Amino acid sequence: MTEIQLHNTLTNRLEPLTPVHPGEVRIYTCGPTVYAFAHIGNFRTFVFQDILRRFLRSRGYSVMQVMNVTDVDDRIIHAAAAAGIGIREYTEKYIQGFLEDMDALHLEAPEEVVRATDHIEDMVALIERLQQKGLTYTSDGSIYFRISKFPAYGKLSKIDVSGMKTGTRVDVDQYEKDDVRDFALWKAPKAGEHFWETRIGPGRPGWHIECSAMAMKYLGETLDIHTGGVDLAFPHHENEIAQSEAATGHPFVRTWLHAEHLIIDGQKMSKSLGNIYTLRDLFAKGHKPSTVRFLLLSVPYRRQLNFTEDGLTQARNAVERLRNFVDRLKNAQFPAGSSPESHERIEKAEADFDAALADDINTAVALAAIFDLVRDLNTAVDQQTFLQQDAPRAVAAMEKFDAILALLADDDDEKLQKLGLLRSRDRLSAPQIEALIAERTAAKRRREFKRSDEIRQQLTDSGILVEDMKDGSVRWKYK
Ligand code: AMP
Ligand code: ZN
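Next comes the structure, spelled out in structure tokens:
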């Protein structure tokens with residue numbers, strides 16, 4: 001098997017994966033900031049992480065992934081204060097919404113999903129460690145990390161710190177690229193805003209300290225992999241490195257993986273630009289969960305993903321093609337026997353798929369391996385060179401691919417139903433469809449083909465696919 005190589009932002013190179021604990025990969029993932037529903041740009045990054053963890057498991061690793069939920073942040077505090085409710089109450093809806101969205105997209109739940117507000121004590125303890133080492137200072141009740149005491153600052157984002165004036169501070173959670181300043185570990189309380197009474201004084205944590213504290217609590221002082229979108233490399237991840245390594249004296253993370261952005265009309269999709277679609281927006285427009293999952297995983301994570309309607313249409317067709325192929329393998333009749341050519345062809349696709357993912361999770365090449373296989377086997381079926389005993393072997397390969405891609409289960413309606421978004425108004429019920437099909441069969445038997453064609457058209461217009469089987473039976477499904 002090909003060695004797994006991942007592109008490490010820290011070294012800017014492809015490197016072999018070498019976990020600290022052999023056989024186990026420990027991953028920390030920056031999760032959503034829950035002041036609104038996550039958008040599909042966010043899910044681009046989360047889908048990448050899902051493919052990564054599923055691939056590592058397919059290679060026999062056990063995975064320990066921790067994802068945080070940022071439920072304390074400037075925007076959350078302001079929004080909760082404006083709504084006159086507590087931050088837990090304010091964020092609950094969005095946390096639940098995020099978990100539901102993950103389920104709709106077949107994202108595996110990380111082993112731990114942890115909230116910042118449940119870990120204030122861990123953050124306080126980490127800040128105390130930094131204080132004891134003389135790496136912090138206090139100003140107006142807020143505690144800052146003194147960047148000049150951490151010479152390696154900038155090593156991840158390759159940011160130039162030489163122009164930084166010692167002692168310049170930044171208070172807000174988000175700030176401009178290239179603007180290097182001492183950052184707040186702990187923020188003094190402001191009137192009307194939520195705060196905690198702690199050993200280091202009243203206040204609330206800065207955004208960066210939460211990830212360092214939670215990552216090290218659950219995964220140890222050196223993690224194998226840390227993931228996030230590219231926008232997080234600076235300042236968030238740079239600050240995580242500074243706090244963590246300054247406190248422990250050990251490397252914080254071996255491999256940093258950053259997903260490129262999903263863009264729309266040439267711009268990053270982001271809540272602040274207001275150009276977002278949530279998953280629910282797309283579902284309400286009639287797009288299926290599997291379509292969105294396919295689209296988001298189809299472009300390798302280090303390339304920008306340009307989101308378009310056309311892309312959605314292609315994704316939908318691609319998923320259909322995979323599902324129809326497996327249906328054909330399971331239901332069509334093939335000549336008896338087994339053919340070595342088909343077996344070899346399938347084995348080659350399996351090897352190509354695995355090698356593509358081992359090459360820095362190259363999903364585009366992995367998908368090409370599958371679609372080439374589908375094309376070749378369809379041709380073999382048409383030429384009657386694909387034989388009966390080849391079918392279960394091909395199904396097994398498709399299922400193996402799907403352990404990572406998670407596209408084959410025809411459960412889109414079920415997922416939409418769970419979100420209350422299944423569009424039932426123009427949908428025929430199963431008994432209505434069965435009745436129409438029976439009527440069509442009867443019409444055909446009476447050789448009333450005009451009537452049978454009319455019924456078929458009616459079903460097609462209602463989004464039902466009708467398939468006449470060789471044995472005379474009829475199968476149908478929702479498109
Ligand atoms: P946030 O909720 O803003 O903290 O972001 C959650 C995750 O989504 C982070 O890893 C971000 O880097 C990532 N992210 C935000 N916007 C995009 C985008 N347009 N494309 C891809 N990833 C994004
Ligand atoms: Zn983080």
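With my numbering applied, the sequence shown covers 1 to 479.
Glycine included, C-beta positions come from ideal geometry on N, C-alpha and C.
In this text the structure is predicted, and so the values were computed from the model without any measurement.
My guess is that H39 and I276 are in contact by the Cβ rule of under 8 Å, so how many angstroms apart are they, rounded?
4 Å
Checking the sheet assignment: what are the DSSP bridge partners for T278?
According to DSSP, which records beta bridges pairwise, T278 is partnered with H39.
For the alpha helix (DSSP H) that D402 lies in, which residues bound it at each end?
390-405
With a threshold of 16 other CB atoms inside 10 Å of the CB of L2, please say whether the residue is buried or exposed.
According to the sequence as given, residue 2 is Thr; it is not Leu. Looking at its Cβ environment, which holds fewer than 16 other Cβ atoms inside 10 Å, T2 is exposed.
Which whole-angstrom value describes the C-beta separation of K433 and I464, a residue pair presumed to lie in contact below a C-beta threshold of 8 Å?
First, the residue type needs correcting, since residue 433 is Ile and not Lys in the sequence shown. Cβ atoms of I433 and I464 come within 8 Å of each other, at about 6 Å.
With DSSP as the reference, label E197 as helix, strand or coil.
strand
With DSSP as the reference, label P16 as helix, strand or coil.
strand
DSSP state of T227, grouped into three classes?
strand
My output table needs one value for R425: the three-state DSSP class, helix, strand or coil.
With a pLDDT of only 49 at R425, under the threshold of 50, the placement of this residue in the model should not be trusted; the figure read from the coordinates follows. Reduced to three states, the DSSP call for R425 is coil.
So, do the stretch 307-317 and the stretch 64-84 have three or more beta carbon pairs nearer to each other than 8 Å?
no
Extract the residue ranges of the beta strand (DSSP E) inside the stretch 34-120, only unbroken runs of 3 or more that lie entirely within it.
62-69, 112-115
Within its chain, find whatever has a CB closer than 6 Å to the CB of R115; leave out the 5 residues flanking it on each side and keep chain order.
V69, D71
If you draw a straight line from the alpha carbon of T149 to that of A191, how long is it in whole angstroms?
According to the sequence shown, residue 149 is Lys rather than Thr. Cα-Cα distance, rounded: 32 Å.
Among R88, N12, T379, which one has its Cα closest to the Cα of T117?
R88
I'd like the span of the beta strand (DSSP E) that includes E24, first residue to last.
24-29
Label D471 either buried or exposed according to how many other C-beta atoms from any shown protein chain fall within 10 Å of its C-beta, with 16 as the threshold for buried.
exposed
Look up L6 in the DSSP assignment and give the residues it is bridged to.
Checking the DSSP bridge columns, you'll see L6 partnered with E15.
Give the DSSP bridge partners of V170, in chain order.
Looking at the DSSP output, V170 shares a beta bridge with F183.
Grouping DSSP H, G and I as helix and E and B as strand, with all else coil, what is E210?
helix
On the criterion of 16 or more Cβ atoms from any shown chain inside 10 Å, does F98 qualify as buried, or is it exposed?
When all chains shown are included, F98 counts as buried.
Which runs of the alpha helix (DSSP H) fall wholly inside the stretch 343-383 and span at least 4 residues, in chain order?
363-382
Please list, in chain order, all residues of the same chain as R303 whose beta carbon is under 7 Å from its beta carbon, the five residues on each side excluded.
Closer than 7 Å at the Cβ level, and outside the excluded window around R303, lie E260.
Can you tell me the Cα-Cα spacing of F37 and F48, whole angstroms?
19 Å
Given this structure, state the Cα-to-Cα distance separating T168 from R146, to the nearest angstrom.
9 Å
Judging by CA-CA distance, which residue of K288, V253, L295 is the nearest neighbour of L262?
L295
In whole angstroms, give me the CA-to-CA distance for Y90 and P251.
Roughly 36 Å separates the two Cα atoms.
Where does the unbroken alpha helix (DSSP H) through V319 begin, and where does it stop?
309-331
Out of K155, R199, T278, state which residue places its alpha-carbon closest to the alpha-carbon of M123.
R199
Of all residues in the structure, which have a C-beta closer than 5 Å to any heavy atom of ligand 2, taken in chain order?
With the cut-off at 5 Å, the residues found are C30, C211.
Between R280 and L421, what straight-line distance do the alpha-carbon atoms span, to the nearest angstrom?
8 Å
For S212, I'd like the list of residues in its chain whose CB is within less than 7 Å of its CB, leaving aside the five on either flank, ordered along the chain.
L126, E240, Q243, S244
Can you tell me the Cα-Cα spacing of I143 and Y94, whole angstroms?
30 Å
The alpha helix (DSSP H) that contains F294, what's its start and end?
289-298
Is L428 near ligand 1, going by C-beta to nearest heavy atom under 7 Å?
no
Between I77 and the rest of its own chain, which residues show a CB-CB distance below 8 Å, the 5 nearest in sequence each way excluded?
I87, E193, H194, R204
In the DSSP assignment, what residue or residues form a beta bridge with Y137?
Assignment of beta-bridge partners to Y137 by DSSP yields Y144.
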